[in-house]
Amino acid sequence: FKHFKVCLDVILDRGDDATRSGVNNLDVSAGMLYGMIHQRYILTKRGQDRMARKFERAEFGRCPLLECEAQPVLPLGLRDDPGLAAVHVFCPRCKRVQVCAHRAAGAV
Numbered sequence: 039f040k041h042f043k044v045c046l047d048v049i050l051d052r053g054d055d056a057t058r059s060g061v062n063n064l065d066v067s068a069g070m071l072y073g074m075i076h077q078r079y080i081l082t083k084r085g086q087d088r089m090a091r092k093f094e095r096a097e098f099g100r101c102p103l104l105e106c107e108a109q110p111v112l113p114l115g116l117r118d119d120p121g122l123a124a125v126h127v128f129c130p131r132c133k134r135v136q137v138c139a140h141r142a143a144g145a146v
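In the numbering used here, the protein residues as written are 39 to 146.
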């Protein structure tokens, strides 16, 4: 990964502006690195446990359909390529995939 250390410094909010100034598209590269780290993390036992707790607390939202009785939903990425698709949610009760209405979601 090109400029790995500089991108990691951006993600961890460390380093100085002088180091960052020489790298083109640093925000894009740091965002891509963050996404790759996140993908790996949620596959670990610790990541799975954390996702389960977030699901139980309905941090990803609830299904808007009345017949689902406010069932918690799970986030779902339909594309692996960052920035090409909005985040969706999956309801395990009705088995529907819907566009995420959560305020923090967007094209990731």
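Backbone N, C-alpha and C define an ideal beta-carbon position, used for all residues, glycine too.
Query: Going by DSSP, what residues sit across from His126 in a beta bridge?; Result: Leu114, Val137
Query: Which same chain residues end up closer than 8 Å to Val48 when comparing Cβ atoms and leaving out the 5 residues on each side of it in sequence?; Result: Arg58, Leu64, Asp65, Ala68
Query: Figure out for me which residue from Arg134, Ala124, Cys129, Val137 has the closest Cα to the Cα of Leu112.; Result: Cys129
Query: I need the DSSP call for Arg100, collapsed to helix, strand or coil.; Result: strand
Query: Spatial neighbours of Gly115 within its chain, please: C-beta separation below 8 Å, excluding the five flanking residues on both sides.; Result: Ala123, Val125, His126, Val146
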